[in-house]
Each structure stands twice: as C-alpha cells, then as structure tokens.
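Counted from 1, the sequence shown has number 682 at position 242 by my numbering; the numbering is strictly sequential. A quick write-up on the structure given underneath.
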Amino acid sequence: MQPAPGFTDRPTAGRPQAGRSGQRLLAFAVRSWCVTALAGQFIFALYITIVYGGAVVSGDHARWNTIMRAAYVPGQTLGNAAIAAHVLLAVLIMVGGALQLMPAVRRRVPALHRWVGRGYMVSVLFTSVVGLYMVWIRKGGSGSMPQHIAISLNAVILCTCAVMAWRAARARDFATHRQWALRTFLAAGGVYFFRLGVFLWLAAWRRPVGFDAKTFSGPFLTTLAFAVYVVVPLSVLQLYFMAQRSRTDVVPRVTAFGFFALTLLTAAGIASATMIIWLPRM
Numbered sequence: 441m442q443p444a445p446g447f448t449d450r451p452t453a454g455r456p457q458a459g460r461s462g463q464r465l466l467a468f469a470v471r472s473w474c475v476t477a478l479a480g481q482f483i484f485a486l487y488i489t490i491v492y493g494g495a496v497v498s499g500d501h502a503r504w505n506t507i508m509r510a511a512y513v514p515g516q517t518l519g520n521a522a523i524a525a526h527v528l529l530a531v532l533i534m535v536g537g538a539l540q541l542m543p544a545v546r547r548r549v550p551a552l553h554r555w556v557g558r559g560y561m562v563s564v565l566f567t568s569v570v571g572l573y574m575v576w577i578r579k580g581g582s583g584s585m586p587q588h589i590a591i592s593l594n595a596v597i598l599c600t601c602a603v604m605a606w607r608a609a610r611a612r613d614f615a616t617h618r619q620w621a622l623r624t625f626l627a628a629g630g631v632y633f634f635r636l637g638v639f640l641w642l643a644a645w646r647r648p649v650g651f652d653a654k655t656f657s658g659p660f661l662t663t664l665a666f667a668v669y670v671v672v673p674l675s676v677l678q679l680y681f682m683a684q685r686s687r688t689d690v691v692p693r694v695t696a697f698g699f700f701a702l703t704l705l706t707a708a709g710i711a712s713a714t715m716i717i718w719l720p721r722m
C-alpha cells in the first residue's frame, strides 16, 4: 500500500506549473510551524508523563487533582482507570501524531505508518468518549458550560475526522485520507492549543484578564475554547489546502506568511506554558 502524503508534502499529481516558488515557500512555512508545534507537544507530553506518572509511582494518586479537578476520586476504580487511560493515550497520541507526519516513516516503513495510524484512530476515539465522560458525568475539570460545549463539539469533530480518514484509507483514496488524517491531527491538538492560548494570554497581561482564575470561566476562555476546539485549526488547514491548489504565487505566498506568523505565536505560547506551568511542575 502506498503511504499517503503528509502535512508538509506537496501533491505531485495535477500540481500547477505556475506558482512553484510560492509553493516552496508555503511548504517551508508549514514545515516550520510543524517543527515548532511538535517540539511543544513533546514538552507537554513529557510534563504529563512526569506529573501523572510520578503520582502513580509514588502512590499519591490524589496529586492528579492539583492539575485536573476530580481527576482522582477514592473508591471510583473504573472512573479513575478511565482517566488514567485517557492521560496515557494523550501522550501516545502526541507521539503517534508526530510519527505520522514524518515523510521518512511513511515512505520507508509504510507498515509502521499503517499500524501506528490504526492505533492512533482507536486512541482518539477512546479519548474522545472519556473526555465527554469527564466533562458531563465525572465533572473532571473546571470551566463554564460554553467551554464544555466546545470540548464536546471537538470530540464529535475528532471522531468524525478519524472515521472518515479510516474509510478513505480502506478505499485506497490516499488524497482524501491525507486531508481527513490532517484534520484528525489538528482536532486532537485542541487541548494543547488551548493551553498555549491561555498561558500566552497570561504572559501578555501578567494577570487574568477576561476570565475568573478561580472558576476558570469568562468571555476570553469561552472565545478561546470555540476558536481552538472548533473553528481555527480546521479553517487554517482548509486555507492551506486551497493554497496548495493555487495556480499563482499570490495565494501560497500570503498563506506562507500567515503560517510564519502562526509559528511565532505558537512558539510564544510554548515558551509561556513551559515557563509558567510545565517546567516548574516537572
């Protein structure tokens, strides 16, 4: 089975003759963003592993509650196990997503790409269901009702994209599979993007603005939740697809500069989250 092209791959079939310099710039800009975002995900995954894993090793499971409200409830074995699996799979999803984006893996070890992809799809479906359980039943986490709705919409989007990517792969429609797989990857990053946005905002204002730090609710967090969980990542990806199909230099060049700006914002968010919360708790 031929491996599907990834985020930074440029389609060869039907590629316009005009605008190749713009396409090269676009590919470089997107690659820059990918490297930056994946570096931040590595730090985030390391943070989750050290903090949650350290609590398990020490036997102090209640430490989970310093990060996520009602993450550990004594006596609720099934619920605690579900959240532990959710956290573990979150780490595997970040690592697996990085592997799926590597062209060398897809081209040289296609079997690994397929099996990691299958595991990735199953993992995002499971974590989505557990996420809904945490928000609506376990009440594991703070935030307002609009934030919970945004998270729930993200779970629906994530499951839909994962299923569509799997169906396209089964049909050997690799161009369609590529698009749905990338949508799955970005939808799965909603929690990560939300944290970058929150801590970048705090670093910029030096204090909570537009939300209550105790209840973790307010207009800024509501706006950010719908932006990163529902609207922005998939909209940016669609613009990228359109720029790849452009026959002139203008659209890919403009899109490339947009990705360069997005890379700077992502890097700033990673630095803010790392310095404010991730590194101090490791």
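All residues carry an ideal CB built from backbone N, CA and C; glycine is no exception.
Label residue i either buried or exposed according to how many other C-beta atoms from any shown protein chain fall within 10 Å of its C-beta, with 16 as the threshold for buried.
| i | result |
| --- | --- |
| G494 | exposed |
| P451 | Below a pLDDT of 50, predicted positions are generally treated as unreliable, and P451, at 47, falls in that range; the measurement from the model is reported next regardless. Counting Cβ neighbours within 10 Å, P451 comes out exposed, since fewer than 16 surround it. |
| R693 | buried |
| M715 | exposed |
| T655 | exposed |
| R546 | buried |
| P720 | exposed |
| F634 | buried |
| G515 | exposed |
| W620 | buried |
| P673 | buried |
| W718 | buried |
| Q587 | buried |
| T688 | exposed |
| S568 | buried |
| M585 | exposed |
| T517 | exposed |
Relative to the C-alpha of residue i, which residue among the options is closest?
| i | options | result |
| --- | --- | --- |
| C474 | V531, I591, A521 and Q540 | Q540 |
| V435 | R618, S592, I589 and I591 | In this structure the chain extends from 441 to 722, so residue 435 is not present and cannot be described. |
| S461 | A683, I717 and T714 | A683 |
| G559 | G519, A605, H588 and A595 | A605 |
| Y680 | I523, R546, G698 and T688 | G698 |
| F660 | K654, A522, S592 and W641 | W641 |
| A701 | H501, V676, S686 and P720 | V676 |
| V496 | G583, L528, A708 and I533 | L528 |
| A707 | A524, L636, A522 and L664 | L636 |
| A530 | I717, V564 and V671 | V564 |
| W555 | I523, A521 and A609 | A609 |
| I710 | Y487, A522 and T600 | Y487 |
| R685 | T624, A511, A615 and F639 | A615 |
| C601 | M561, A521 and Y512 | M561 |
What residues are listed by DSSP as bridge partners for residue i?
| i | result |
| --- | --- |
| D652 | S657 |
Touch test, the stretch 461 to 475 against the stretch 686 to 706, Cβ-Cβ under 8 Å, three pairs minimum: A contact exists between the stretch 461 to 475 and the stretch 686 to 706.
Continuous alpha helix (DSSP H) assignments of at least 4 residues falling wholly in the stretch 463 to 502: Taken in chain order, the complete alpha helix (DSSP H) segments of 4 or more residues contained in the stretch 463 to 502 number zero; there are none.
Should the stretch 478 to 486 be regarded as contacting the stretch 533 to 553, the criterion being three or more beta carbon pairs within less than 8 Å? Segments in contact, yes.
Could you name each continuous alpha helix (DSSP H) segment of 4 residues or more that falls completely within the stretch 564 to 590, going from the start of the chain to the end? As far as the stretch 564 to 590 is concerned, it has no whole alpha helix (DSSP H) run of at least 4 residues.
For the stretch 503 to 563, which segments carrying the alpha helix (DSSP H) assignment without a break, of at least 4 residues, lie completely within its bounds, in sequence order? For the stretch 503 to 563, whole alpha helix (DSSP H) runs of length 4 or above, ordered along the chain, are 517 to 541 and 543 to 548.
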